Amino acid sequence: MTSETHGESSAPGIAAIDGNQTGWTARLRRVPVTLALAWLVVLIVLLWAVAPGLFTSYSGTVGVPGEQLRPPSLEHVLGTDGLGRDLYARIVYGAVHSLSGAFVAVTVGLLSGTLLGLVAGARGGWTDATIMRLVDSMLAVPSLLLSLSIIVLLGFGTVEVAIAVGAVSVARFARLARSEVIRVRRSDYVEAAFGSGGTFWAVLWRHILPNSLTSVIALAALQFGSAILAISTLGFLGYGAPPPTPEWGLLIAEGRNYLSRAWWLTAAPGLVVVLVVLAADRISKAIGKTAP
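Numbering-wise, the sequence shown is residues 0 to 291 according to numbering that gives the first Met the number 0.
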């Protein structure tokens, strides 16, 4: 009798576990293939940046004498460059420079732009007008020209380029954050919070900010890919990390001198940049669909 009771009591638990497993399986099946591939690309590149030694045994900066300009093979998956350095190893070790630069750029743009948009949309009046005129002035200048102007002031290097790219994106974050704040500010629950005696900063922190961030986070994901592209562009022009740093834009620039006989030196890092940018764009669209 005891065993029967125990068997009957355990049946609902087993059914619940099976139901949870079925639910997770159904959710995974509903994930689009392109979104899954995008997350896979991002995960691989992040692992490159965190633990490059797990993916290659070659150095990212030291070449092997007599191994110059080797074509792709089993020994060198993506071939070697003009100094005998394994190209795949340089791409793997370059991930930390490109990703860290993009992270700094997105952080600068996200924090500064969201703060400006939050204050402008919540305060309104002359505060809104002043901030948005500043934002419009930034948008009136071409992004590349504005980035180069900031780099001239700060100097050359990965961090300086990242700050410049982030400063250019402040206007985009500010405009989007302002529009989201204005939308949320007019909601009934925000008006009710003010009517019940809530202070401006309390309502701003508890109600307006959390409900305005979804679209801003989607823009941050999109801007992450754009930042990698911008940093690679500036590195290609010679404003980023100096040689022999294996930064992706610099790898493309170094490979252009061998296009006629070693096309892989430019094609491989260029393809990696394109894949990461497309992956970030796909993830951004998925996040944007959850926005109200």
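Glycine included, each C-beta is placed from N, C-alpha and C at the ideal position.
Quantities reported herein were computed from a predicted structural model and do not represent experimental measurements.
Around the C-beta of Glu74, fewer than 16 other C-beta atoms lie within 10 Å, and the residue is accordingly described as exposed.
For the pair of segments examined, the region 203–218 was found to touch the region 105–119: the number of CB pairs separated by less than 8 Å reaches three. The region 259–266 and the region 143–157 do not touch, with fewer than three beta-carbon pairs separated by less than 8 Å. Excluding five sequence positions before and after Ser97, the CB atoms of its chain that fall closer than 7 Å to its own CB belong to Ile227, Ile230, Ser231, Glu246, Trp247, given in chain order. Pairing Ile90 with Ala252 gives a Cβ-Cβ distance that is not under 8 Å.
The closest CA to that of Phe102, considering only Thr55, Ala161, Ala88, Thr265, is found on Ala161. In this chain, the alpha helix (DSSP H) harbouring Phe172 covers 157–184. Asp85 is bridged by DSSP to Thr79.
In this structure the region 78–86 does not lie against the region 121–133, because fewer than three pairs of beta carbons, one per stretch, are closer than 8 Å. With a minimum length of 4 residues, the unbroken runs of alpha helix (DSSP H) contained wholly in the region 205–267 fall at 212–235, 247–254. Counting along the chain, Val140 sits inside no alpha helix (DSSP H), nor does DSSP assign it H or E at all.
The Cβ-Cβ distance between Ala278 and Ala48 does not fall below 8 Å.
The region 152–159 and the region 180–191 do not touch, with fewer than three beta-carbon pairs separated by less than 8 Å. Going by DSSP, Val41 is part of the alpha helix (DSSP H) stretching over 32–49. Annotated as proximal: Gln222 and Gly108, with beta-carbon spacing under 8 Å.
Sixteen is the threshold: since fewer than 16 other Cβ atoms of the shown chains lie within 10 Å of the Cβ of Ala50, the residue is exposed. A distance below 7 Å between beta-carbons, with the five flanking residues on each side excluded, links Leu138 to the following residues of its chain, in chain order: Ala170.
For a cut-off of 8 Å, the C-beta gap from Ala121 to Ile207 is around 6 Å, short enough to register as a contact.
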